[in-house]
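Here the structure comes first, spelled out in structure tokens, and everything after it is commentary.
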Amino acid sequence: MSTSGVGVSTTMGCVRAVSLDLDGTLLDGSGFASTVPEACRRVATVVPTVDSFALQEANAQVWAILWAEAERDWTLGRLQPGALSLEAWQRSLRAVGISDEHVAKMVTDFHHELTIASYRLFEDVESFLAQLRAHGLRTAITTNGASDTQREKVSVTGLEKLVDVVVVSAEVGAAKPDEAIFVAALDALGSEPSDTCHIGDSLAGDIAGALGAGLTAIWMNRTGALRSAGDPAPHFEVAGFAEAERFLVPG
Ligand SMILES: [Mg+2]
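Sequential numbering of the sequence shown, starting at 0, is according to the numbering used here.
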């Protein structure tokens with residue numbers, strides 16, 4: 000196989016660029032679970048009429064409805080920054096009998112601070128991205144979500160210094176698996192589908208989308224999940240970036 004230019008000869012052909020999903024692929028979201036209980040506890044210490052546990056329960060119920068209503072608009076950038084979180088806390092507080100806007104703003108801010116503090120990368124991410132860069136591969140983060148939220152994740156974790164471009168669905172106006180967001184990533188990378196891999200943890204978003212756009216699709220399956228009948232079949236499946244490194248980076 001050819002190893003001309005900056006491309007790397009692999010079992011899949013000559014790879015010149017790698018597109019990466021953010022949430023669940025680069026970003027370990029496991030710390031997020033404690034942010035709602037902690038935000039409720041904090042606001043209850045400031046506002047004694049707030050029952051921390053009742054607010055937590057109300058928030059879970061509100062999100063179950065609100066996310067179904069708003070996910071698409073949030074992902075496609077049709078909402079004001081921060082508006083969805085504030086709406087969720089307003090509804091949650093009203094459900095426990097509190098309609099004070101000041102309290103809603105306070106708990107929204109607490110939750111935002113805690114959320115930022117919860118962001119962390121999986122431990123294999125930084126060395127993998129450094130390897131890709133050392134071997135001259137161009138890198139993109141291709142992510143679904145609101146611009147403010149996704150860019151904050153990329154900034155807070157230091158990822159913006161480790162990749163070449165960041166492509167966010169809300170800014171493109173198209174979300175994975177839509178081919179348009181992969182086309183935007185390829186344009187930003189200056190690469191072609193035939194020499195670009197996409198790595199992501201979602202079969203429905205990342206793998207179906209990458210296959211549809213003609214990229215090599217690598218499923219990041221950190222949890223040992225099983226594919227069901229009807230799920231798209233990735234070209235490759237890896238349990239972590241060490242496995243991906245083996246065929247993207249020459250030894
Ligand atoms: Mg993901």
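We treat Cβ as the ideally placed atom computed from N, Cα and C, and that holds for glycine.
Could you check what DSSP says for E159 in three-state terms: helix, strand or coil? In the sequence shown, residue 159 corresponds to position 160, counting from 1. The answer is helix: DSSP assigns E159 an H, G or I state.
Runs of 3 residues minimum, wholly inside the region 13-84: which ones carry the beta strand (DSSP E) assignment? Runs of the beta strand (DSSP E) spanning 3 or more residues and lying entirely within the region 13-84 occur at 16-19, in chain order.
What's the C-alpha gap between G199 and P47? Locating residue 199 in the sequence shown gives position 200, counting from the first residue. Locating residue 47 in the sequence shown gives position 48, counting from the first residue. Roughly 44 Å separates the two Cα atoms.
If you run the structure through DSSP and keep just helix, strand and coil, what is G208? Taking the sequence shown and counting its residues from 1, one reaches residue 208 at position 209. G208 carries a helical assignment under DSSP once its states are collapsed to helix, strand and coil.
Go to T222, then tell me how far its beta strand (DSSP E) extends in each direction, as first and last residue. Taking the sequence shown and counting its residues from 1, the one referred to as residue 222 is at position 223. Annotation: T222 is outside any beta strand (DSSP E) and is labelled neither H nor E by DSSP.
So does D22 have its beta carbon nearer than 6 Å to some heavy atom of ligand 1? Taking the first residue of the sequence shown as 1, we reach residue 22 at position 23. Because some heavy atom of ligand 1 lies under 6 Å away, the Cβ of D22 counts as near it: yes.
What does the alpha-carbon distance come out to for the pair R132 and G213? As a first step, residue 132 must be located in the sequence shown, where it is residue number 133. As a first step, residue 213 must be located in the sequence shown, where it is residue number 214. Answer to the nearest angstrom: the Cα atoms are 23 Å apart.
Taking the alpha-carbon positions, what's the L21 to S117 distance? Position 22 of the sequence shown, counted from the first residue, corresponds to residue 21. Position 118 of the sequence shown, counted from the first residue, corresponds to residue 117. C-alpha separation (whole angstroms): 15 Å.
In chain order, what residues of the same chain have a beta carbon less than 7 Å from the beta carbon of G239, not counting five sequence neighbours either side? As a working mapping, residue 239 is identified with position 240 in the sequence shown. Once the five neighbours on either side are set aside, the close Cβ partners of G239 are D123, R221.
Per DSSP, A245 is paired with what? The count along the sequence shown starts at 1 and reaches residue 245 at position 246. Reading the sequence as shown, one finds Arg at residue 245 and not Ala. R245 is not bridged to any residue.
Is the CB-CB distance between L65 and A87 below 7 Å? The residue given as residue 65 occupies position 66 in the sequence shown. The residue given as residue 87 occupies position 88 in the sequence shown. For L65 and A87, yes; Cβs fall inside 7 Å.
Whole angstroms is fine: what's the gap from A241's alpha carbon to A174's? Here residue 241 refers to the residue found at position 242 when the sequence shown is read from its first residue. Here residue 174 refers to the residue found at position 175 when the sequence shown is read from its first residue. Going from the Cα of A241 to the Cα of A174 covers about 28 Å.
Distance, Cα to Cα, S126 vs T34? Translated into positions along the sequence shown, residue 126 becomes position 127. Translated into positions along the sequence shown, residue 34 becomes position 35. Approximately 28 Å between the Cα atoms of the pair.
Helix, strand or coil: which one does DSSP assign to E236? One-based indexing of the sequence shown puts residue 236 at position 237. If DSSP states are grouped into helix, strand and coil, E236 belongs with the strands.
Please classify Q79: is it buried, with 16 or more other beta-carbons within 10 angstroms of its beta-carbon, or exposed? Counting from 1 along the sequence shown, the entry for residue 79 is found at position 80. Label assigned to Q79: exposed.
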